[in-house]
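Q:
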Amino acid sequence: MAVGTIHRRPGPAGTDARGRRDRRRRGPGLWHFLTFAAPGTLVYLCLVLAPIIMSVGYSLTNQALLRPRTEFVGLRNYELLLRDETFLQSLRVTTILTLIVVIVPNVLGVAVAVLLDRRGWLYNALRSVFFTPMVISSVVISVIWTRILADDGPVNQALRALGVREPPGWLSDPDIALYSLSSIVCWQMLGFCVVVYLAGLQGVPQELGEAAAIDGAGAVRRFRHVTWPLLAPALTINTVVLLISAFKIFDHVKVITNGGPGTGTTASVAFVVLQEGFVENRTGYASAEAVVMLVVIAALSVVTLRILQRREVQL
Amino acid sequence: MSRSSPPWLRPLVALAVAAIFAIPLYIALINVFKQSRQVAADTLAPPAPPTLDNLVHVLTGPDSLFWSSLRTSVLVTSLSIAVLAVLSAMLGHYLARHTGWWSRAIMVLLLCGLMIPPQVILIPVTQVLKSLGLMSTLQGLVLFNVGYYVPFGVFVFSGFMKAVPRELEEAAAIDGATRWQTFWRIVFPLLRPATASVLIFLGVWIWNDFLNPLIIYGPREGTTIMTGVYKSLGQYAADFGGMFALMFLATLPILVFYLLLQKQFVKGLTGGATKG
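Heads up: the sequence lines are chains A and B, in that order. With this note's numbering as the guide, the letters of the first sequence map in order to residues 733 to 1047. With this note's numbering as the guide, the letters of the second sequence map in order to residues 3 to 278.
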C-alpha cells in the first residue's frame, strides 16, 4: 500500500488515515503484533503447545478407541507404566540406541573433519559425499541397508566368500539387530557432525597450532590441547542434535525391523508410543508414555546443554 | 597428521574413507539399472547389461502410485515451505526487534518446540485436526508442518536479523513507509541467505518426512512420496530392481533441489553453528 493511496475514511476522532499509519509505525503496537507475530504464534499454539497440554490431560484418562466412555483415572497409567515390561524394555532400547548414536558420529565426525580440513576441489567433493545421506529420506536409507544387511545380502555374501560358514544375521538375530540399527543411524548422521566440526575447525586460528608446534608439541598433543578445546561449541551442537534425533528415531525401526526380531528387541520409546496410540488405539495410556518421553528428553537436553556450555565458557 | 608425513597420504586416506562410506550410496545407484535377479545374486556388481526397465516400470506402472505420490509431495512440500518462510520471517523479525516480556516468552516457547518429538503431540494433533475437519487432508498436513517447523524458521531468521541494520528500517519509516512495506521491500530481500537456508532445510525435511504424513494424511487418501515407498515395500518384495528404481525417483527431485542450492545450505548451517 503506497502512502499516497491511503484515503481518508470516516471514523471516530484520531483514527483517520494519518493516525492509523502513525500508530502502526510506533512502538510495539497491537496492530504490529497481530500482523507480524500472531499468525505464526497461533498455528504453533494450536498444533504444538495445546497438544502437549492435551497429552498430559489424556494421560490421566483411560481413553481408548473402543471404550465407549472415557473416565478420569488419575495417575494409574503412570503406575501401570512402571510395571509394563514392553515400556521398560523400550527405555532400555532407547538408552542403548541414544548412547551409540551420540558417541559414534561425534568421534568419527571429528576424525573425518580433521582429515578433510583442507582447501581444494577434492576435499569439497568428499564433504558432499559425507553430507549426502542427510538429504536422503530415512525410509530410503532404511530400505538400502535392509538389503545390505539381509541374511543373503552383500555383507554376508562377502563373509561367506571369505570362508565364514555361518555369518551373523545382522537384522534377524535379536542380540545383534539393535546394534545394526544404531550403526545405520550413525552412518546417516555422520555427515552432519562432519559439517559442524569443519565449521568449527575453520574458526581455529592456524597460528595457534604453529606456535604449539614450535614449542615442540606433536600432532596428538596439538589436537588434544589446542584444537579440541576450541571445538567445544561444535561438540555442544552435535551432541544436543544427536541426542534429540536419537530419542525420536521411529522411521528406521518401523521400516527395518518393525520392533523385532523377537519381542521388542529394537522397539524404541518413540516406536512404542505410536504403536500403542495408533495400532492398539489405547490413546490415554500412549499419552502417558508420550509425557514420560517428553520429560526425559527435556531433562536430558537441558542437563547436556548446561554441562557442555559450561565447558565452552571456561575456555 | 604430522608435518613429516608424505603429501599424498592425506588425499589417499580421505579418498579411501569416503569410498568406504559411500558404498551404500553406490549400491543404491547401480541397482537401479540392474535386473532384479542380478540384484539378489550380486548386489555389489556393476549392472550387466544395464537396463532401464526398472525405471520405465515404475514410471508407467498401472497404479500410477509414483505420479500421484509425487504430485502430493510436491504440493505439500511447496505449500508448507512457502507459508513457513513468510510466517517465520515475519515472526522472527518481530521477535528480534521487540524485547518486551511477551516477545521473550514467545521466543522461549518456540525454542522449546525445537526439541519436541512429533510422537509426543501426534495423538492430540489428530484430535485438533479432526475438529477442524482437516484430518486426512493435504491442508491438514500443511498446517501441521507449519506449526511444527515454525520454531526452526524463526530461529534461523531471528539469528540473521542481527545482520540487518536497524537504521535502514528507521530511515524507511522516516521516508513514510509502513511497517509492511519496510519489511517486504527492505528487510526481507536482505534476508535472502536465511530464506534460502530455511527453504532448503525445511524442503528436505518435509519431502523426506515419513511419520507425519503416515499418521495425518493416512493411507486412505493417498500417499506422499515416502509413505508411498513404504507402502510399496510389500509389492516390490521380490522385485529389488523396481524397489531401487522407485527410491531413486523418489529421491531425485529433492536431491536436485538440494544440489542447486547447496552452497547456501552449508552456509546457512554453519552460520547457525557459529552463532549458536
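Built from N, CA and C at the ideal position, the CB exists for glycine as well.
For the segment 932-1006 of chain A, which segments carrying the alpha helix (DSSP H) assignment without a break, of at least 4 residues, lie completely within its bounds, in sequence order?
A: Segments of the alpha helix (DSSP H) lying fully in the segment 932-1006 of chain A: 938-946, 951-954, 964-979 and 1001-1006.
Q: Give a yes or no on whether 9 Å exceeds the smallest Cβ distance from Ile188(B) to chain A.
A: No, Ile188(B) does not count as interfacial toward chain A.
Q: Could you pull out every unbroken alpha helix (DSSP H) segment of at least 4 residues lying fully inside the segment 787-847 of chain A, listed in chain order?
A: For the segment 787-847 of chain A, whole alpha helix (DSSP H) runs of length 4 or above, ordered along the chain, are 808-814.
Q: Taking only three categories from DSSP, how would you classify Arg712(A)?
A: Nothing about residue 712(A) can be read from this structure; chain A reaches only from 733 to 1047.
Q: Using C-beta distances below 8 Å, list every residue in its chain close to Leu201(B), excluding the 5 sequence neighbours before and after it, in chain order.
A: Cβ within range, chain order: Ile83, Ala87 and Leu263.
Q: Excluding the five sequence neighbours on either side, which residues of its own chain have a C-beta within less than 7 Å of the C-beta of Val60(B), listed in chain order?
A: Taken in chain order, the residues that qualify are Phe68, Gly244, Ala247, Leu248 and Leu251.
Q: For a minimum of 4 consecutive residues, which ranges assigned as the alpha helix (DSSP H) are wholly contained in the segment 131-201 of chain B?
A: Correct list: 140-163 and 168-176.
Q: Tell me whether Asn856(A) is buried or exposed, calling it buried when 16 or more other Cβ atoms sit within 10 Å of its Cβ.
A: Counting Cβ neighbours within 10 Å, Asn856(A) comes out exposed, since fewer than 16 surround it.
Q: With DSSP run on the structure shown, which of helix, strand or coil describes Ile1039(A)?
A: DSSP places Ile1039(A) in helix when its eight states are reduced to three.
Q: Does any CB atom of chain A fall closer than 9 Å to the CB of Pro8(B)?
A: No - not a single Cβ of chain A is within 9 Å of the one on Pro8(B).
Q: Which stretch, first to last residue, makes up the alpha helix (DSSP H) that contains Lys36(B)?
A: Taken as a continuous stretch (DSSP letters only), Lys36(B) belongs to no alpha helix (DSSP H), as it is neither H nor E.
Q: Let me check understanding here. Comparing Cα to Cα, which of Val833(A), Arg799(A) and Arg954(A) lies closest to Val972(A)?
A: Ranking Val833(A), Arg799(A) and Arg954(A) by Cα distance to Val972(A) puts Val833(A) first.
Q: Checking contacts by CB at 9 Å: is Gln938(A) closer than that to chain B?
A: With 9 Å as the cut-off, Gln938(A) does not count as an interface residue toward chain B.
Q: From Ala42(B), Asn33(B), Asp44(B) and Ala47(B), pick the residue whose C-alpha is nearest to that of Thr53(B); which is it?
A: Per the Cα distances, Asn33(B).
Q: Under three-state DSSP, which class holds Tyr929(A)?
A: Looking at Tyr929(A) - three-state DSSP - the assignment turns out to be helix.
Q: In terms of residues, what are the limits of the alpha helix (DSSP H) holding Trp103(B)?
A: Per DSSP, Trp103(B) belongs to the alpha helix (DSSP H) from Trp103 to Gly115.
Q: Taking Cβ-Cβ distances shorter than 8 Å, what residues in chain A pair up with Leu89(B)?
A: Within 8 Å Cβ-Cβ: Pro771, Gly772 and Val775.
Q: Please classify His957(A) as buried or exposed, where buried requires at least 16 other C-beta atoms within 10 Å of its C-beta.
A: Label assigned to His957(A): exposed.
Q: With the cut-off set at 9 Å, would you say Thr818(A) and Ala964(A) are in Cβ contact?
A: No; because the gap between Cβ atoms is not below 9 Å, this pair is not in contact.
Q: Which two residues bound the contiguous alpha helix (DSSP H) that contains Leu57(B)?
A: Unbroken alpha helix (DSSP H) run through Leu57(B): Asp55 to Leu61.
Q: Reducing DSSP to helix, strand and coil, say where Ala50(B) ends up.
A: The answer is coil: DSSP assigns Ala50(B) none of H, G, I, E or B.
Q: Let me know if Val896(A) comes out buried or exposed under the rule of 16 or more other beta-carbons within 10 Å of its beta-carbon.
A: Label assigned to Val896(A): exposed.
Q: Between which residues of its own chain and Thr1015(A) is the CB-CB distance below 8 Å, once the five residues before and five after are set aside?
A: Closer than 8 Å at Cβ, skipping near neighbours: Tyr790, Gln795, Ala796, Leu797 and Gly1009.
Q: Starting from Thr74(B) and walking both ways along the alpha helix (DSSP H), at which residues does that stretch end?
A: Taken as a continuous stretch (DSSP letters only), the alpha helix (DSSP H) holding Thr74(B) covers Leu67 to Arg99.
Q: Name, going along the chain, the residues of the segment 847-861 of chain A whose beta-carbon falls closer than 9 Å to a beta-carbon of chain B.
A: Here the close residues are Leu847, Leu848, Arg850, Gly852, Leu854, Tyr855, Ala857, Leu858, Arg859, Ser860 and Val861.
Q: State yes or no: is the C-beta of Tyr219(B) within less than 9 Å of the C-beta of Val127(B)?
A: Not in contact: Tyr219(B) and Val127(B) (Cβ atoms no closer than 9 Å).
Q: Quick one: grab the DSSP three-state call for Gln237(B).
A: Gln237(B) falls in the coil class under three-state DSSP.
Q: Checking contacts by CB at 9 Å: is Met137(B) closer than that to chain A?
A: Judged by the 9 Å Cβ criterion, Met137(B) is not in contact with chain A.
Q: Going straight from the alpha carbon of Val1028(A) to that of Ala1022(A), what length do you get?
A: About 10 Å.
Q: Distance cutoff 9 Å, beta carbons only. Does Asn33(B) sit that close to anything in chain A?
A: Yes, its Cβ sits closer than 9 Å to a Cβ of chain A.
Q: When DSSP labels each residue in this structure, what does Thr226(B) get in the three-state scheme?
A: Thr226(B): coil per DSSP, three-state reduction.
Q: Specify, as a first and last residue, the run of the alpha helix (DSSP H) that Thr45(B) falls within.
A: No alpha helix (DSSP H) contains Thr45(B), which DSSP labels as neither H nor E.
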